[in-house]
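For the sequence shown, our numbering assigns the number 1261 to the initial residue and increments by one for each residue that follows.
Quick notes on the structure that follows.
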Amino acid sequence: MMHGFQILSRGLIWGNIIGILVCLVQQFGKIIKLNEADYYLSVAPIHLNLWSVVFLNLGTILMTLLILWIPTGVITRISPLKAIGYR
1261 MMHGFQILSR
1271 GLIWGNIIGI
1281 LVCLVQQFGK
1291 IIKLNEADYY
1301 LSVAPIHLNL
1311 WSVVFLNLGT
1321 ILMTLLILWI
1331 PTGVITRISP
1341 LKAIGYR
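Written out as structure tokens, the structure is:
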């Protein structure tokens, strides 16, 4: 379980770094251009909200640990002798 949390933490950290950098580049560099005739905007707008990032990360941690915990609980209830059919 701790190993899964370490992998999750590493992924969240790198994902946040890359995602926030891409958002900042778009916000200040305006690299993604849009066709004004179709979208009524010349560039794709971006708005970074700290609380959205925090709650999204907390939700990801909660859901991932829950998904890891449920199968672990099922597996711990299985007796190895019953699993191989030993009588």
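Just so you know, even glycine gets a beta-carbon here, dropped at the ideal spot from N, CA and C.
Computed from a predicted model, the values in this text were never measured in an experiment.
field: Boundaries (first-last residue) of the alpha helix (DSSP H) holding Pro1340
entry: 1340-1344
task: Taking only the alpha-carbon atoms, compute the straight-line gap between His1307 and Leu1294 and give it to the nearest angstrom.
output: 17 Å
field: Contact check, Gln1286 vs Ile1292, beta carbons under 7 Å
entry: Result yes, Cβ atoms of Gln1286 and Ile1292 sit closer than 7 Å.
message: Distance check for Lys1342 and Asn1309, CA to CA, integer angstroms please.
response: The C-alpha of Lys1342 is placed about 52 Å away from the C-alpha of Asn1309.
task: Please report the residue range of the alpha helix (DSSP H) in which Pro1305 lies.
output: Element bounds for Pro1305: n/a, residue is neither H nor E.
query: Between the Cα of His1263 and the Cα atoms of Leu1284, Ile1344, Trp1329, which residue gives the shortest distance?
result: Distance check between His1263 and each of Leu1284, Ile1344, Trp1329 places Trp1329 closest, using alpha-carbon atoms only.
task: Run the proximity test for Leu1316: is its beta-carbon closer than 6 Å to any non-hydrogen atom belonging to the ligand SAH?
output: The ligand content of the structure shown is nil, which means the ligand SAH is not present either.
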